[in-house]
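All remarks here apply to the structure that follows.
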Amino acid sequence: MAADKLGGGPRNAFYDRLNQLLDEIDFDRKLEKAAEPFYEKTGRKGLPPGVYFRMIFIGYFEDISSQRGIAWRCEDSRSLARFLGYAAEEQTPDHSTLSLTRERLPMEVHALAFELILSAAKDKGLLKGKTIGVDATDLEANASMKSIVRKDNGDDWREYLRKLYEEETGISNPDDEELRRFDKRRKPKKKVSNDDWESATDPDSRIGKMKDGRFHLKYKAENAVDLETEVIVAAEVYHGNVGDTSTIEDTVNSAQTHLRDAGSECEVKEVVADKGYHGEETLDSLQNESHVRTYIPEAARKTNRTWTDKTRRRESSYRRNRRNTLGVRGRRLQRLRSERVERSFAHLCDTGGGRRTWLRGIEKVHKRYMSAAMAHNLGRIMRSLIGAGKPRYAAVLAERLCFIYFTIEAAVNRLTGFRTTLTSHQEKNRRGLLATCA
Numbered sequence: 001m002a003a004d005k006l007g008g009g010p011r012n013a014f015y016d017r018l019n020q021l022l023d024e025i026d027f028d029r030k031l032e033k034a035a036e037p038f039y040e041k042t043g044r045k046g047l048p049p050g051v052y053f054r055m056i057f058i059g060y061f062e063d064i065s066s067q068r069g070i071a072w073r074c075e076d077s078r079s080l081a082r083f084l085g086y087a088a089e090e091q092t093p094d095h096s097t098l099s100l101t102r103e104r105l106p107m108e109v110h111a112l113a114f115e116l117i118l119s120a121a122k123d124k125g126l127l128k129g130k131t132i133g134v135d136a137t138d139l140e141a142n143a144s145m146k147s148i149v150r151k152d153n154g155d156d157w158r159e160y161l162r163k164l165y166e167e168e169t170g171i172s173n174p175d176d177e178e179l180r181r182f183d184k185r186r187k188p189k190k191k192v193s194n195d196d197w198e199s200a201t202d203p204d205s206r207i208g209k210m211k212d213g214r215f216h217l218k219y220k221a222e223n224a225v226d227l228e229t230e231v232i233v234a235a236e237v238y239h240g241n242v243g244d245t246s247t248i249e250d251t252v253n254s255a256q257t258h259l260r261d262a263g264s265e266c267e268v269k270e271v272v273a274d275k276g277y278h279g280e281e282t283l284d285s286l287q288n289e290s291h292v293r294t295y296i297p298e299a300a301r302k303t304n305r306t307w308t309d310k311t312r313r314r315e316s317s318y319r320r321n322r323r324n325t326l327g328v329r330g331r332r333l334q335r336l337r338s339e340r341v342e343r344s345f346a347h348l349c350d351t352g353g354g355r356r357t358w359l360r361g362i363e364k365v366h367k368r369y370m371s372a373a374m375a376h377n378l379g380r381i382m383r384s385l386i387g388a389g390k391p392r393y394a395a396v397l398a399e400r401l402c403f404i405y406f407t408i409e410a411a412v413n414r415l416t417g418f419r420t421t422l423t424s425h426q427e428k429n430r431r432g433l434l435a436t437c438a
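Heads up: the sequence shown begins at 1 in the UniProt record's numbering, then just goes up one per residue.
Take a look at the structure:
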C-alpha cells in the first residue's frame with residue numbers, strides 16, 4: 001500500500017508549527033551544505049543533520065535525557081516521526097545513530113545551527129543583545145569518583161591507600177575494611193587534587209564540590225542570556241575546576257560572535273553577573289578590551305583595598321563598576337539576572353534533563369548542551385507565536401481554550417433559550433389582552 005494511502009495519524013500542532021518555523025530559516029538545507037564535507041559520497045546514507053538536531057530538540061521538549069529514550073519516543077509517536085520527516089512505513093533512527101552523527105558533526109556545524117535559531121529569534125523581534133546576564137552551574141559528569149587514578153603512576157585510590165598503609169604499619173595486604181578505617185583516621189586528612197588525580201573513564205572531567213556539598217567529577221556550564229528577551233546567546237562548557245573570573249570574557253566574546261554571525265546588528269554593551277565574577281583584572285579586561293559596561297557586585301572584604309601597587313586604569317575600572325552596580329539600573333539588572341539567567345538553567349538542567357550528562361569528553365558534553373540551548377530558544381520563539389514553549393503546555397492551552405469556548409457557547413445557548421421563552425410569553429399575553437378588549 002502506498003504511503004499516501006495509509007492513515008496519517010493524529011497531528012501535533014506544536015511540532016507542525018515548529019517545522020514551519022525551521023523551514024522559514026532554511027534550517028535543513030544550510031546545515032546539509034555545511035556538513036557535506038563530513039559525509040561520505042558512497043555507502044550507507046547517513047543521518048541528515050536536520051533530523052539529528054530535531055531528535056535532540058525532542059529530548060528537550062519531551063523531558064527525555066537519554067538517547068535511547070529519545071529514539072524510543074520517536075519510534076512510538078507518529079506525530080514525532082512526521083516531525084522528523086519519516087513516512088508511516090519508514091523506521092526512525094536508532095539511538096546509536098545519534099552518537100555517530102554527533103561525533104561526525106564538528107562544533108562548527110553545531111555553532112551554525114545555534115546561530116540559525118538566533119536568526120529566527122531576530123526575525124521575530126526576540127533578539128536585542130545589548131544587555132546580557134552571565135552565570136554558571138555544575139554539570140555532573142558521567143564518571144564515578146571510584147574511577148580516579150594518579151597522574152604520575154596510574155594507581156587507583158585503593159592502591160594509593162594500600163601503599164600509605166604499608167608505609168605506616170608494615171602490613172602489605174590489608175583487607176577493604178581495614179583500609180576504610182585507616183582512611184578515616186589518618187592524618188592529614190585525604191585531599192584529592194586535580195593536579196594529582198584524574199578520571200580514567202572521563203579525563204576531561206574535574207573533581208569539585210557540587211551544590212549539595214558532595215565531591216564529584218563535573219563540568220562547568222555557563223550561559224549568556226539576553227536579559228530583555230530571555231534568549232540564550234551563548235552556551236559554553238568548561239572544565240569543572242575553572243574559576244568564574246577566568247571564563248566570563250570568553251563567554252561574552254562567544255555571545256558577541258554568535259550575534260554577529262546570526263545577522264544581528266546589535267552589540268553587547270552591558271554585562272551583568274554575580275559576585276563570583278568580580279575581579280580587578282576581569283573588570284579591567286571587560287571594560288577596556290571588550291568595551292562593555294559591567295554590573296558585577298563585589299564580595300564583602302575584611303580589609304580595604306590598596307591601589308598603590310595597581311595601575312590607574314585598573315582602579316578606574318573597579319570604581320566605575322561599583323558606581324554602575326550601586327545605581328538604580330544596576331540593582332534592577334541584578335534582579336533580572338537572578339530571575340532570567342537562573343530560569344534558563346532550570347529549563348536546561350532541571351526540567352530539560354541536562355544536570356547530569358550521559359556523555360564523556362568536554363566536546364561531546366558541549367555539543368549536547370548547546371543543542372539543548374537551541375531547543376530552549378526555539379521554545380522561547382514558539383511561546384511568542386502560539387503562547388506555549390513546550391508541547392504539553394500547548395495541550396494545556398488548547399484545553400483551556402476549548403473550555404472557554406464551550407462555556408461561552410453554553411451561556412449563549414441559555415441566553416437564546418431564555419429570550420425565546422420570554423418572547424413566547426409576551427406574545428401569549430398580548431393575544432390575551434387583545435381578546436379581552438374585543
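Cβ coordinates follow ideal geometry from the N, Cα and C atoms, glycine included.
Output yes or no for whether 7 Å exceeds the beta carbon distance between residue i and residue j.
{"i": "Ala-81", "j": "Glu-222", "result": "no"}
{"i": "Val-271", "j": "Val-252", "result": "yes"}
{"i": "Glu-249", "j": "Ser-285", "result": "yes"}
{"i": "Ala-372", "j": "Gly-389", "result": "no"}
{"i": "Tyr-277", "j": "Thr-245", "result": "yes"}
{"i": "His-216", "j": "Glu-115", "result": "no"}
{"i": "Leu-161", "j": "Leu-179", "result": "yes"}
{"i": "Gly-50", "j": "Leu-31", "result": "yes"}
{"i": "Val-134", "j": "Ala-273", "result": "yes"}
{"i": "Ala-35", "j": "Val-109", "result": "yes"}
{"i": "Leu-126", "j": "Val-268", "result": "no"}
{"i": "Arg-104", "j": "Phe-38", "result": "yes"}
{"i": "Asn-19", "j": "Phe-61", "result": "no"}
{"i": "Ile-58", "j": "Ala-120", "result": "no"}
{"i": "Gly-240", "j": "Arg-206", "result": "yes"}
{"i": "Ala-229", "j": "Lys-122", "result": "According to the sequence displayed, residue 229 carries Thr and not Ala. No. Outside cutoff."}
{"i": "Ala-234", "j": "Ser-264", "result": "no"}
{"i": "Ile-117", "j": "Asn-377", "result": "yes"}
{"i": "Lys-130", "j": "Cys-349", "result": "no"}
{"i": "Tyr-318", "j": "Glu-280", "result": "yes"}
What are the partner residues of residue i, as DSSP defines its beta bridges?
{"i": "Thr-137", "result": "Ala-221"}
{"i": "His-216", "result": "Gly-208"}
{"i": "Glu-131", "result": "Residue 131 is actually Thr in this sequence, not Glu. In DSSP, Thr-131 forms a bridge with Glu-270."}
{"i": "Asp-226", "result": "Ile-132"}
{"i": "Asp-156", "result": "Val-149"}
Let's see if you can read the secondary structure: which residues bound the alpha helix (DSSP H) around residue i?
{"i": "Glu-236", "result": "Per DSSP, Glu-236 belongs to no alpha helix (DSSP H); it is in the beta strand (DSSP E), 232-239."}
{"i": "Val-109", "result": "107-123"}
{"i": "Arg-206", "result": "Run containing Arg-206: none in the alpha helix (DSSP H); it sits in the beta strand (DSSP E), 206-209."}
{"i": "Gly-69", "result": "67-76"}
{"i": "Gly-330", "result": "328-345"}
{"i": "Leu-283", "result": "280-288"}
Going along the chain, which residues of its own chain have a beta-carbon closer than 7 Å to the beta-carbon of residue i, five neighbours each way excluded?
{"i": "Thr-97", "result": "Leu-47"}
{"i": "Trp-307", "result": "Glu-315"}
{"i": "Met-1", "result": "Caution applies to Met-1, whose pLDDT of 30 falls short of 50 and renders its modelled position unreliable; the model cannot decide the point."}
{"i": "Asn-324", "result": "Arg-293, Thr-294, Tyr-295, Gly-330"}
{"i": "Ala-299", "result": "Lys-275, His-278"}
{"i": "Val-242", "result": "Lys-220"}
{"i": "Lys-124", "result": "Ile-381, Ser-384"}
{"i": "Ser-147", "result": "Ser-199, Ala-200, Thr-201"}
{"i": "Gly-85", "result": "Val-51"}
Once DSSP output is grouped into helix, strand and coil, what is the label at residue i?
{"i": "Trp-358", "result": "coil"}
{"i": "Ala-3", "result": "Below a pLDDT of 50, predicted positions are generally treated as unreliable, and Ala-3, at 39, falls in that range; no measurement from the model is reported."}
{"i": "Asp-94", "result": "coil"}
{"i": "Thr-311", "result": "coil"}
{"i": "Ser-172", "result": "coil"}
{"i": "Ile-58", "result": "helix"}
{"i": "Ile-25", "result": "coil"}
{"i": "Asp-183", "result": "helix"}
{"i": "Asp-16", "result": "helix"}
{"i": "Ser-263", "result": "The amino acid occupying residue 263 in the given sequence is Gly; Ser does not appear at that position. Coil."}
{"i": "Gly-243", "result": "coil"}
{"i": "Val-252", "result": "helix"}
{"i": "Glu-363", "result": "helix"}
{"i": "Asp-350", "result": "helix"}
{"i": "Pro-37", "result": "helix"}
Who are the Cβ neighbours of residue i in its own chain at under 6 Å, not counting the five residues just before and after it?
{"i": "Val-365", "result": "Tyr-219, Val-237, Thr-357, Leu-359"}
{"i": "Gln-67", "result": "His-95, Leu-98"}
{"i": "Phe-345", "result": "Thr-137"}
{"i": "Ala-143", "result": "Ser-199, Thr-201, Asp-202, Ser-205, Leu-217"}
{"i": "Gly-375", "result": "Looking at the sequence shown, residue 375 is not Gly but Ala. Phe-57, Tyr-60."}
{"i": "Trp-197", "result": "Ile-148"}
What residue does the beta strand (DSSP E) around residue i start on, and which one ends it?
{"i": "Ile-148", "result": "148-150"}
{"i": "Thr-294", "result": "293-295"}
{"i": "Glu-198", "result": "197-199"}
If you drop the 5 nearest sequence neighbours on each side, which residues of the same chain put their C-beta closer than 8 Å to that of residue i?
{"i": "Arg-17", "result": "Met-382, Leu-385, Ile-386"}
Is residue i near the ligand PLP, in the sense that its beta carbon is under 6 Å from a heavy atom of that ligand?
{"i": "Ala-200", "result": "The ligand PLP is not part of this structure, which contains no ligands at all."}
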